[in-house]
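Chemist: Mind having a look at this structure? Questions to follow.
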Amino acid sequence: MIEQEIDEERGASRRGRPLDVPVLAASLVVVAVLLVVGVVVPGRLASGTGTALSWITGNLGWAFVLGATGFVVFALVLAFSRVGRIRLGADDERPEHSRASWIAMMFSAGMGIGLMFYGVTEPVTHLMTPPEAGIEPGTDAAAGEAMNYALFHWGLHPWAIYAVVGLALAYSSYRKGRSGGFSAAFAPLLRGPRGAGAARAIDVLAIFATIFGSAVSLGLGAAQINGGLSQVFGAGSGTAWQVGIIAVLTLCFVVSAISGIERGVKILSNTNMVLAGVLLLFLFVVGPTVFILDLMPNAAGNYLAHLPEMSVRTGAYGGSEWLSGWTIFYWAWWISWTPFVGAFLAKISRGRTIREFVVGVMLIPTLVSLVWFSVFGGTAIHEQLTGALDVLASPDQNTQMFTLLQQFPLAGVTSVLVVVLVAIFFVSGADAASIVMASLSSHGDDEPRRWLTALWGVLTGAVAVVLLYAGGLQALQNVTIIAATPFLVVMVALCVAITKDIRSDRLMRPVSPRPVQVDVSKAPVTVDD
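In C-alpha cells form, the structure reads like this:
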C-alpha cells in the first residue's frame, strides 16, 4: 500500500519514477560498442554475426522450435482451464479500450509491417522452392505447402509468443499490483539480494531484444518503401536511399512516441487498419476472387491438419539451412519483439479476462493472417501458376508486392497506398517500442521521460543504419536471432513465474464449505426405551 501511494504521488507530480541507472548505462554501453564496431570495422561485424548465427542455428535450432510450440500449448491451457476466468485487474474491472480499438492496436503493433513485406513474397517463394523434399516446384502440391508454411509462420505460434509475455506482464501489473517494469513479473522467482541483480539483467536483455527486433523491422520497411518509390516514381534505390528513409521514419515515430499512446499509437493503428482493409478488399474484388474463396477454407484446413508436424520440424534429416532462414528467423524475430509487444498488449488489455486475452491475441490475428495471405499470397500464387506473371522474375523482394499490383487497375494508387501503409505500420510499432525501452530503463514507468523515449528511438534508427551498411538485411536478421537466443530462456522462466503466481491467486483456492448450524431448539425429541 505504501509503495502504491508513493507511485501515485509521483504520477500526480508528473516527475515519474527515477531512472534505472544500471540498466540504462549497461544498455547504452553495449549499443554504443556495436555502433562503433559497425562504423569502424563493418566487415568484422558482419562476419562475426554470421559465425555466431551459424553456431546458434546448428546447435540451438531445436530450442527455438520446441520453445515456440511450448508457448502455444501453455497459452491455450491457461485460456481454457478454470484459470481463464481470472481478470487482469480487479474482479469488477472492465476494459479501458473498445474491442475494435484493442484489436487494431495489437495487430498494428504486432506484425503489420511484416505482412506488407512478406504477404506476396513468402507464399510465392515457397511455391517455387518448396520447404519439404519430394514436392515439385510450381505445382498444386507446392502451392498447398506454400500456404501451410506461410500461415504457420504468421498464425498461432507468433501470437502465442506475444500472448505469454503480455499475459504475464498484465497479470503482474494489474492483478498483483507490482511496479518495476518487465522484470517485476519474475517476482515469484527472484528473491534476496541476488534477485535485484537478476531483475536488472532481465531488463537489459529485454532492451537488447527490443532494439534489434525494431531495427530489423525498420530495415525491412525502409527497403520496401524504397522499392515502391523506385518502381512507381522512378526514384533511386540502394543503401543511401534506405538510410534517408530510415531517418525520416525515425523522426516520425519519435514524434509519435512522445505524444503518448492515446494520440499516437491508437490513432495510427485505427487509421492503418482502415487503409489495410481497403487495400485487401480492392485486391479481393479485382483479383482472382473465386480462386481466393476456394483457397481460404482449404488453406485453413490444411494448416490445422499439418500444424503438429510443422510445429516439431527440426533439421535432424536435413533442411537446416531452410529452417534457419525462415522458421528459426521468424521465431527469433517474434521473440525479439515480445518485450515491447508484450508490454504494449498488457498496457491496452487491463480489465480483460485471461481467456478473453489469449483468445483475442491468438485467434483474431491468426484469422486476419489467413485472410491476408489468401488474398495477397493467393493472388500471387494464381498469377504464378497460370503464367500471367512471374513474380519471382525480380529477385528483389522489396518490389515483388508492387510488381503484383501492376497487373491490376489503379496500380499507381495502390502502390502509393502500400508505401503509406508500410510507413504507418512501422511508426505505430516503433513508437510503442521506444516507449517500452524508455519504461524498461525507468523502473517500469508508464509515462517515461520524453527525452529518454526520443533517445531510444534515435538509437533504434542508428542501429538499423549501421547494420545495413555492415551487411544489409542479412546482418539485421543475424543480429536479431543472436539477441533473441538468451531471451528465449527468459521467456521459459516467465512461464514458470506466472504459473506460480496463478497458483496463489485467491480465485484458485478451494472454497471451504460453510459449517451447517443446527437449531437445537427445533431438533426432534427422541425417547429412550
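Under the working numbering, the letters of the sequence shown match residues 21 to 549, in that order. C-beta: ideal position from N, C-alpha, C; glycine also.
Could you tell me the boundaries of the alpha helix (DSSP H) in which histidine 463 lies?
Modeler: What you label residue 463 is simply residue 443 of the sequence shown in a count that begins at 1. Histidine 463 -> no alpha helix (DSSP H), and no H or E assigned at all.
Chemist: Restricting to Cα atoms, I'd like to know which of Ser101, Phe228, Trp82 is closest to alanine 458.
Modeler: Taking the first residue of the sequence shown as position 1, residue 458 is located at position 438. Out of Ser101, Phe228, Trp82, Phe228 has the C-alpha closest to the C-alpha of alanine 458.
Chemist: Hey, how far is the Cα of threonine 145 from the Cα of serine 462?
Modeler: Residue numbering aside, residue 145 sits at position 125 when the sequence shown is read from its first letter. Residue numbering aside, residue 462 sits at position 442 when the sequence shown is read from its first letter. Cα-Cα distance, rounded: 43 Å.
Chemist: Hey, is the region 353 to 361 in contact with the region 203 to 219, meaning 3+ C-beta pairs nearer than 8 Å?
Modeler: No, because fewer than three Cβ pairs between the region 353 to 361 and the region 203 to 219 fall closer than 8 Å, the two stretches do not touch.
Chemist: Based on the DSSP secondary-structure assignment, which residues constitute the bridge partners of threonine 434?
Modeler: In the sequence shown, counting from the first residue as 1, residue 434 sits at position 414. The partner list for threonine 434 (beta bridge, DSSP) is empty, contrary to what the question assumes.
Chemist: Give the single residue among Pro151, Val512, Leu96, Ala99 whose Cα lies nearest to the Cα of glutamate 341.
Modeler: The count along the sequence shown starts at 1 and reaches residue 341 at position 321. Among Pro151, Val512, Leu96, Ala99, the Cα nearest to that of glutamate 341 belongs to Pro151.
Chemist: Beta-carbon within less than 6 Å of glutamine 251's beta-carbon, same chain only, minus the 5 sequence neighbours each way: which residues are those?
Modeler: To locate residue 251, count along the sequence shown from 1; it is residue 231. Only Thr419, Phe422 meet the Cβ criterion.
Chemist: Can you find the residues in the same chain that come closer than 7 Å, C-beta to C-beta, to alanine 95, ignoring five residues on each side of it along the sequence?
Modeler: Sequence index remark: in the sequence shown, residue 95 carries index 75 (1-based). Same-chain partners within the cutoff: Ala180, Ala183, Val184, Val378, Met382.
Chemist: Tell me, please, whether the region 157 to 175 touches the region 323 to 341 by the rule of three or more beta-carbon pairs shorter than 8 Å.
Modeler: With a cut-off of 8 Å, the region 323 to 341 and the region 157 to 175 count as touching, because enough Cβ pairs lie within range.
Chemist: Using a Cβ-Cβ cutoff of less than 6 Å, which residues in the same chain neighbour serine 389 once the five nearest sequence positions on both sides are dropped?
Modeler: In the sequence shown, counting from the first residue as 1, residue 389 sits at position 369. Here the set comprises Trp174, Gly175.
Chemist: Hey, how far is the Cα of proline 62 from the Cα of serine 237?
Modeler: For the purposes of this step, residue 62 is taken as the residue at position 42 of the sequence shown. For the purposes of this step, residue 237 is taken as the residue at position 217 of the sequence shown. Spanning the two alpha carbons is a distance of roughly 20 Å.
Chemist: With DSSP collapsed to three states, give me the class of arginine 30.
Modeler: The sequence position of residue 30 within the sequence shown is 10, counting from 1. In this prediction, arginine 30 has a pLDDT of 39, which is less than 50 and means its spatial position is unreliable; nothing more can be read from the coordinates.
Chemist: When the Cα atoms are used, what is the spatial distance from methionine 136 to proline 429?
Modeler: The residue you call residue 136 lines up with position 116 of the sequence shown. The residue you call residue 429 lines up with position 409 of the sequence shown. Those two C-alpha atoms are separated by around 19 Å.
Chemist: Measure the Cβ-Cβ separation of serine 199 and glycine 464 and say whether it is below 8 Å.
Modeler: Position 179 of the sequence shown, counting from 1, holds the residue named residue 199. Position 444 of the sequence shown, counting from 1, holds the residue named residue 464. In this structure, glycine 464 lies closer than 8 Å to serine 199 by Cβ.
Chemist: Between Leu475, Leu437, Ala443, which has its C-alpha nearest serine 454's C-alpha?
Modeler: As a working note, residue 454 is residue 434 in the sequence shown. The candidate whose alpha carbon is nearest that of serine 454 is Leu475.
Chemist: For threonine 159, name the three-state secondary structure that DSSP assigns.
Modeler: For this step, residue 159 is matched to residue 139 along the sequence shown. Residue state, collapsed to three classes: coil.
Chemist: Reducing DSSP to helix, strand and coil, say where arginine 370 ends up.
Modeler: Here the question's residue 370 lines up with position 350 in the sequence shown. Arginine 370 falls in the coil class under three-state DSSP.
Chemist: So, alanine 450 versus glycine 186, is the Cβ gap smaller than 8 Å?
Modeler: On the sequence shown, position 430 is the one that residue 450 refers to. On the sequence shown, position 166 is the one that residue 186 refers to. Contact: no.
Chemist: On the DSSP bridge list, what partners appear for arginine 107?
Modeler: In the sequence shown, counting from the first residue as 1, residue 107 sits at position 87. For arginine 107, which the question treats as bridged, DSSP gives the partners Thr373.
Chemist: With DSSP run on the structure shown, which of helix, strand or coil describes threonine 149?
Modeler: Translated into the one-based positions of the sequence shown, residue 149 becomes position 129. Coil at threonine 149, not helix or strand.
Chemist: Return helix, strand or coil for threonine 291, following the three-state DSSP convention.
Modeler: Here residue 291 corresponds to residue number 271 of the sequence shown, with the count starting at 1. Three-state DSSP puts threonine 291 in a helix.
Chemist: Going by other Cβ atoms of all chains shown within 10 Å of its Cβ, with 16 needed for buried, is glycine 297 buried or exposed?
Modeler: Mapped onto the sequence shown, residue 297 falls at position 277. Exposed.
Chemist: Which stretch, first to last residue, makes up the alpha helix (DSSP H) that contains glutamate 341?
Modeler: On the sequence shown, residue 341 is found 321 positions in, with the first residue counted as 1. Segment 340 to 345, the alpha helix (DSSP H) holding glutamate 341.
Chemist: Taking asparagine 292 as the reference, give the member of Glu113, Leu108, Leu479, Ala120 with the closest Cα.
Modeler: Numbered from its first residue, the sequence shown carries residue 292 at position 272. When each option's Cα is compared against that of asparagine 292, the closest is Ala120.
Chemist: Using three-state DSSP, classify lysine 520 as helix, strand or coil.
Modeler: What you label residue 520 is simply residue 500 of the sequence shown in a count that begins at 1. In the structure shown, lysine 520 sits in a helix (DSSP, three-state: H, G or I).
Chemist: On the CB-based measure, 16 or more other CB atoms within 10 Å of its CB, does tryptophan 471 come out buried or exposed?
Modeler: Along the sequence shown, read from residue 1 onward, the residue named residue 471 stands at position 451. Its Cβ having fewer than 16 others within 10 Å, tryptophan 471 is exposed.
Chemist: Please tell me whether valine 499 and threonine 71 are closer than 8 Å, where the distance is taken between their beta carbons.
Modeler: Translated into positions along the sequence shown, residue 499 becomes position 479. Translated into positions along the sequence shown, residue 71 becomes position 51. Not a contact, by the Cβ cut-off of 8 Å.
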